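Q: When you read off a place in the sequence shown, starting at 1, and then add 16, the result is the number in the working numbering.
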Amino acid sequence: MKRKFIDNGAYLYPLEIKAGRTEPVYERIYQKYLHLVIIVVFILQVGCTPGSDSSMLILKRDKETSLYAYFDEKGNKVLGDYYAAYTDTITEYGIVADPDFVLIDKKGNHIYKIYPFDNGPDYTSEGIYRIVKDGKIGYADSLTSRVIVEPKFDCAFPFENGKARVSMKCKEVFAFPGDEHPTWQSDEWYYIDKKGNVIENNGK
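(1) What beta strand (DSSP E) runs, 3 residues minimum, are completely inside the stretch 95-162?
(2) On a Cα-Cα basis, can you pick out the residue from D195, K179, G194, A191 that is closest to N217?
(3) Might you give, ordered along the chain, the residues of its own chain that have their beta carbon closer than 7 angstroms to the beta carbon of L119, omitting 5 neighbours on each side?
(4) Within its chain, find whatever has a CB closer than 7 angstroms to the CB of R181; leave out the 5 residues flanking it on each side and keep chain order.
(5) Considering just the uninterrupted stretch of the beta strand (DSSP E) at E204, what are its terminal residues?
(6) Between which two residues does the beta strand (DSSP E) carrying N213 extend?
(7) Given a cut-off of 8 angstroms on the beta-carbon distance, is the pair G136 and D157 in contact?
(8) Can the beta-carbon of P167 be found less than 8 angstroms from the beta-carbon of V148?
(9) Among D209, T107, G96, I106, which one has its Cα closest to the Cα of A113?
(10) From what residue to what residue does the beta strand (DSSP E) around E89 run?
(11) For W200 and Y145, what's the separation of their Cα atoms in angstroms?
(12) Going straight from the alpha carbon of T107 to that of E89, what length do you get?
(13) With a Cβ-Cβ cutoff of 8 angstroms, do H186 and D209 count as a contact?
(14) If you run the structure through DSSP and keep just helix, strand and coil, what is K79?
(15) Would D150 be called buried (16 or more neighbouring beta carbons within 10 Å of its own) or exposed?
(16) Return the first residue and the last residue of the beta strand (DSSP E) that S183 is part of.
(17) Y86: which of Y98, E80, K79 sits nearest, CA to CA?
(18) Please classify E39: does DSSP put it in a helix, a strand, or coil?
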């Protein structure tokens, strides 16, 4: 068996001269392993297909204790027990009362606290809700649960029309004696966009 090379201007291809025929060595190698490549690609595609995650957790309530817990698809209890739960099915994150309103992952780890409002976790406004850390308020994306503005404000209102009214220095006051809920008071209000950039000063 003889071997020679051909030059296509970019690469040298080894050829074998066998039984009067000239055939590329790499062509036979490619055909030999092509079926293995197809199998590997198929496995990767199936594993990455959205919705193929079988580790989602389903919320159930214990009728005797009235507490909430999360179970896998085989019926095994994975997370719980919680006084309240606000996510029916956890694929990545969920919101529960433990005892504060918190975002948890599928292992039950606390990711961050959610700002309490109207006896529950903060409402979503324009796809964003407020979070709390060390007494400071920030913002998170309700779809991805990602923090978009780090907690640093003493006072922070929900987003409206693409902006939120915030203050680094404010306090809670009661407008009238006997009021159940306080209001925020500050002389340094301003507005931020959804990236935390200041877009307007002295917001009132």
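Ideal Cβ placement from N, Cα and C applies to all residues, glycine included. These numbers come from a predicted model, not from an experiment.
A: The short version:
(1) For the stretch 95-162, whole beta strand (DSSP E) runs of length 3 or above, ordered along the chain, are 109-113, 117-121, 126-130, 144-149, 152-157.
(2) When each option's Cα is compared against that of N217, the closest is K179.
(3) Within the same chain, L119 has close Cβ partners Y109, I111, I127, Y128, I130, S161.
(4) Here the set comprises F173, W205, Y207, G219.
(5) For E204, no beta strand (DSSP E) run applies, since DSSP gives it neither H nor E.
(6) No beta strand (DSSP E) contains N213, which DSSP labels as neither H nor E.
(7) No. Outside cutoff.
(8) Yes, they are a contact pair.
(9) Among D209, T107, G96, I106, the Cα nearest to that of A113 is on G96.
(10) Following the DSSP letters along the chain, one finds E89 in no beta strand (DSSP E), marked with neither H nor E.
(11) W200 and Y145: Cα-Cα distance of roughly 18 angstroms.
(12) When rounded, the distance between both Cα atoms is 12 angstroms.
(13) The sequence given here has Cys at residue 186, not His. Result no, Cβ atoms of C186 and D209 do not sit closer than 8 angstroms.
(14) Residue state, collapsed to three classes: coil.
(15) Its Cβ having fewer than 16 others within 10 Å, D150 is exposed.
(16) Segment 180-183, the beta strand (DSSP E) holding S183.
(17) In this structure, Y98 is the residue among Y98, E80, K79 with its C-alpha nearest to the C-alpha of Y86.
(18) With a pLDDT of 47 at E39, under the threshold of 50, the modelled position of this residue cannot be trusted, and the question is left open.
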